[in-house]
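K.L.:
Residue numbers (full-length UniProt numbering): 1 to 175.
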């Protein structure tokens, strides 16, 4: 089936959406038919649904980040882990002003063993703006995570790399 035929098939994601992801530069096609972010150290993916009757595309964004204790060399006390998680959750659901589109979000944050799973969904008539906003939400989660890193612990990858990169950028290139 050609891309133009797919674009007319109501059961598949239109070619215009596929092109928006391809052209964006922050995503690559995933084996499951969605897209995965290539610009974050975390596991982040986006799925698109076929358009609704009014032409709107719904995008589901999932970002998986490690718990604090999963990326520290030292043990983290339960009270610290719980407080850190609760603070991260409060910050990450406060997404106002992050996106260009006029979206209503219902962010969900949950734990899955040593991971925190952050889920967003957005709907947009403009596929390029929707893809931009999906990327912005992924960047927001990463930035919120890095802001919550607690000094005094020795971190493992990917957090040690993120902290080192942030230091280089903040200090004009010196570490």
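Built from N, CA and C at the ideal position, the CB exists for glycine as well.
Note that the structure is predicted; figures quoted are calculated from it, not measured.
#1: In angstroms, rounded to a whole number, what distance separates the CA positions of residue 12 and residue 61?
#2: CA-CA distance, residue 68 and residue 120?
#3: Considering only C-alpha positions, which residue in the set 30, 168, 156 and 161 is nearest to residue 73?
#4: How would you label residue 26, buried or exposed, when you count the other beta carbons within 10 angstroms and need 16 or more for buried?
#5: DSSP three-state call for residue 144: helix, strand or coil?
#6: If you draw a straight line from the alpha carbon of residue 76 to that of residue 23, how long is it in whole angstroms?
#7: Near residue 59, what residues of its chain come up, given a Cβ to Cβ distance below 6 Å and the 5 sequence neighbours on each side ignored?
#8: Within the same chain, show all residues whose beta-carbon is closer than 7 Å to that of residue 108, passing over the 5 residues directly before and after it, in chain order.
P.N.:
According to the structure shown:
#1: As a first step, residue 12 is located in the chain shown; it is residue number 12 there, counting from the start. As a first step, residue 61 is located in the chain shown; it is residue number 61 there, counting from the start. Approximately 18 Å between the Cα atoms of the pair.
#2: Your numbering for residue 68 matches position 68 in the chain shown. Your numbering for residue 120 matches position 120 in the chain shown. Roughly 22 Å separates the two Cα atoms.
#3: One-based indexing of the chain shown puts residue 73 at position 73. Comparing Cα positions, the closest option is 156.
#4: Here residue 26 refers to the residue found at position 26 when the chain shown is read from its first residue. Burial call: buried.
#5: The count along the chain shown starts at 1 and reaches residue 144 at position 144. It is helical.
#6: For the purposes of this step, residue 76 is taken as the residue at position 76 of the chain shown. For the purposes of this step, residue 23 is taken as the residue at position 23 of the chain shown. The alpha-carbon atoms of residue 76 and residue 23 are separated by roughly 42 Å.
#7: Here the question's residue 59 lines up with position 59 in the chain shown. Hits under 6 Å: 46, 48, 122, 130 and 134.
#8: Numbered from 1 along the chain shown, position 108 holds the residue referred to as residue 108. If we look at residue 108 and ignore the five residues flanking it on each side, its Cβ neighbours are 119.
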